[in-house]
Each structure stands twice: as C-alpha cells, then as structure tokens.
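Undergrad: Got a structure for you, written out below as structure tokens; questions coming shortly.
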Amino acid sequence: MADGTRIIADPVEMLDTLREFSFIRDYHLAVFCGSELIAKRGDRTRMCGLFGEHWLCVESCRKTYIDESTRALENCRSRIFRCATGLLNFVIPFKDLQQNDCLLLGGGVREKFIDLEQLERVARERKINGIYFLDEWERLPCATRLEVQKVIDNIYGIMPLLGRDNYYARAYERTVDLINTVSDLGPEIDRSSSVDQVLELLSETLTVMFGVPRIAILYPQGNRQQLVLKGLLGLENGAIRLGHKRSGELLRQRSHRILVLRGEKLKQLFPYLDTDHLTCLPLVVDGRLIGFLALFDIELASRDL
C-alpha cells in the first residue's frame, strides 16, 4: 500500500502490533485521534522521552508536530521531519474503525550524520552542558531519512493486515527481516579480506535468518578435484575427504541451483554424517564452481531459496 491511500485500523491494536516488529523497535510511537493522545509506546528515560515529556522539549517542538500532522492529514500522505532538537520523526495519517482521522507519530532517532553546529545552537538556547548534551545525543539510535522512509514503507505494508490474527503480519515481518539481513550482508562481504571471513559471514547470516544448526563447506582440493568437507558451524570433526567417486557424483550436479540429499542417497555420499537432511548450495564465482555450502538438519522453504 502506498502513500495517498487512507488506511483503516484500530489505533491501540496497531500500536501494539507494530512494537513487535524489529524494524521499528528503536522508535518512539504514539497515536492521536483528533487532538487526543490515544496511546504511546517507547522509553521515557531516553533523550526526548515520549513526545514532549523530556526537559529538552520546548514549545517549538509541539508547533512542529502540529504543523506536520496537519499537512499529513490534508494531503493524506506520510511526512518525515525534524523537531527543534534535530531528531528525525515521521507521521502517517489513517482512520480508526469509526472513520475518525488519526495519526501515527514515530520518532526519537537522530540523524546518522551529526550536525555539530545545530547541537551547539540547541545547547546554548537551552543553557545546558554541551558535553553532556552531545553524549546523550550519541546514545540515541541513528538513521538516515532514506532509512526512515523504509520504515514508513514497511508500516504501510503491515497496517492492512491488522485484525487477521496477525498471521500475515508475522509473514510480512519475516520477509522484511530477511531482506534487511541480505542487504546488510553485501557491504560486509566487500570488506572481508579473506575467503574464511566471507564463509564466516555466510554462516552467521544463515544461522540468524533460518536457524541452521550445522553448516559446512565442500571445496575441491588437489589435481583430481576431490571434495573436502570442512565444518564451519556446529561440526567438531576435522576436514573429511569424500574420495574421487563421491566427489564426482556431486560435481556432476554443479549446474543445479540447489541440491537436496535425503535417505539412501545421503547415506551413500556421506555415510559418516549423522543427519537426515542435507542441502547443498553451489558457490560460483565468475562462472566457476568453488565449492558447495552444506546446510544440515533443516529443509528450507522454496520461498527462502
């Protein structure tokens, strides 16, 4: 669902459901219907508290909230804005079940790139210790405007699913978390200085994403290209050489996007492994097979592959 489409939701249910999602846990949230605060969720002890409850908040903060909320309602579109202290906030218009105009307000995160002049100006105006203020500021979660916009997009994806026993909302959360994890993996791999670091990153990511308990790498070694199995996670035994025949059987299936082994076939290729299921993912670099990533004890859904 995109900006410009008015959505309908129960305010309290929406707030409680959103708080369960990892992508929004860093944000303070509040729901207003008319000018009345219906509910709010967040950390009162953190800088700027829960919208107006912190000693840093001034009258100009409230004016900014009112102005931005009015624009959001008039245009039926979300808005991203900065409060007087310089924190990033967003507002999303919606209607409650009685068709009253309501607003979801989120905030309490600082911009990723610190504007020191802005912070110094705030410290002078409020007559507060600049060092203390900067320390409190740096403790806050940080985000860019683009990242805040992604949060808004995710919320628009979730809100229509409310009231459906949260089944679809949970599925949506799973998809969002997977996408975010994969997106974060690329830059980390680029910074890796060795193949071992790349494999370690892959193992950690697969564990987080899918809960894979045991992971190994199968890589060719020597002139005869015999595969060697080396545990990366949850396997304490040392490297195991498959032998020429078994290596050949696996290598002949290198063109498969995924290779799933079970039952008798699994026992023939890996008689020494105590597992009922093995998923092998070919690792290809510049069109050349460098090995297989072997995932034990878990059968991934087709949508995850």
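In short: position in the sequence shown from 1, add 813, done, that's the working numbering. All residues carry an ideal CB built from backbone N, CA and C; glycine is no exception.
On the CB-based measure, 16 or more other CB atoms within 10 Å of its CB, does R892 come out buried or exposed?
TA: buried
Undergrad: Go through its chain and collect everything with a Cβ distance to T858's Cβ below 6 Å, but skip five positions before and after it.
TA: Since pLDDT at T858 reaches only 46, below the 50 mark, its modelled position is unreliable, and the value read off the structure follows with that caveat. Counting only Cβ-Cβ distances below 6 Å, and skipping sequence neighbours, we find nothing.
Undergrad: Thinking just about the alpha-carbon of each residue, which of A1029, L850, V825 and I944 is nearest to the one in L1096?
TA: A1029
Undergrad: Grab me the residues of V825's own chain with a C-beta within less than 6 Å of its C-beta, minus the 5 sequence neighbours each way, in chain order.
TA: A852
Undergrad: Quick one: what does DSSP say G943 is sitting in, helix, strand or coil?
TA: helix
Undergrad: Is it buried or exposed, L917, if we count other Cβ atoms within 10 angstroms and call 16 or more buried?
TA: buried
Undergrad: Measure the alpha-carbon distance for T957 versus F894 and round it to whole angstroms.
TA: 12 Å
Undergrad: When the Cα atoms are used, what is the spatial distance from A822 to I968?
TA: 12 Å
Undergrad: Nearest-angstrom Cα distance between E951 and R890?
TA: 30 Å
Undergrad: Does S1060 get closer than 7 Å to chain C when you measure Cβ to Cβ?
TA: No chain C is part of this structure, which consists of one protein chain only.
Undergrad: What does the Cβ neighbour count give for R923, buried or exposed, with the cut at 16 atoms within 10 Å?
TA: buried
Undergrad: Assign I944 to buried or exposed, taking buried as 16 or more other Cβ atoms, counted over all protein chains shown, within 10 Å of its Cβ.
TA: exposed
Undergrad: Taking 7 Å as the limit between beta carbons, can you name the residues of its chain near V995, skipping five residues before and five after?
TA: Its pLDDT being 48, under 50, V995 is placed unreliably in this model, and the value from its coordinates should be taken loosely. Within the same chain, V995 has no close Cβ partners at all.
Undergrad: V1041 and R1054: beta carbons closer than 7 Å?
TA: yes
Undergrad: For L1031, which residues of its own chain have a beta-carbon under 6 Å away from its beta-carbon, when the five flanking residues on both sides are left out?
TA: L1040, L1042, G1104, F1105 and A1107
Undergrad: Using alpha carbons as the reference points, say which of G1100, L1094, L1102 and H1090 lies closest to F1109.
TA: H1090
Undergrad: Report the rounded CA-to-CA distance for G921 versus L1094, giving the unit in angstroms.
TA: 42 Å
Undergrad: Let me know the secondary structure DSSP gives G847 once reduced to three states.
TA: coil
Undergrad: Starting from E924, trace the beta strand (DSSP E) both ways and give me its first and last residue.
TA: D914 to E924
Undergrad: Going by alpha carbons, who is nearest to R934 out of I905, K963, G899 and P906?
TA: G899
Undergrad: Here's the rule I'm using: 16 or more other beta-carbon atoms within 10 Å means buried, otherwise exposed. How should E1084 be labelled?
TA: The residue you asked about is not Glu; residue 1084 is Pro in the sequence shown. It counts as exposed.
Undergrad: In angstroms with no decimal places, state the Cα-to-Cα distance between L1102 and G1056.
TA: 18 Å
Undergrad: Given that a residue counts as buried once 16 or more other Cβ atoms are within 10 Å of its Cβ, and exposed if not, what is S882?
TA: Using a 10 angstroms sphere on the CB of S882, the tally of other CB atoms reaches 16 or more, which defines it as buried.
Undergrad: Do F926 and A936 count as a contact pair if the criterion is CB distance below 7 Å?
TA: no
Undergrad: Using three-state DSSP, classify L903 as helix, strand or coil.
TA: Residue identity differs from the one stated: residue 903 is Phe in this sequence, not Leu. F903 falls in the strand class under three-state DSSP.
Undergrad: Apart from the five residues just before and just after R832, which ones in its own chain have a Cβ nearer than 8 Å to its Cβ?
TA: R838, L842 and R854
Undergrad: Provide the residue(s) that pair with R937 in DSSP beta bridges, ordered along the chain.
TA: In the DSSP output, where bridge partners are listed per residue, R937 has none listed.
Undergrad: What does DSSP give as the partner residues of C1093 in its beta bridges?
TA: Answer is L1072 and A1107.
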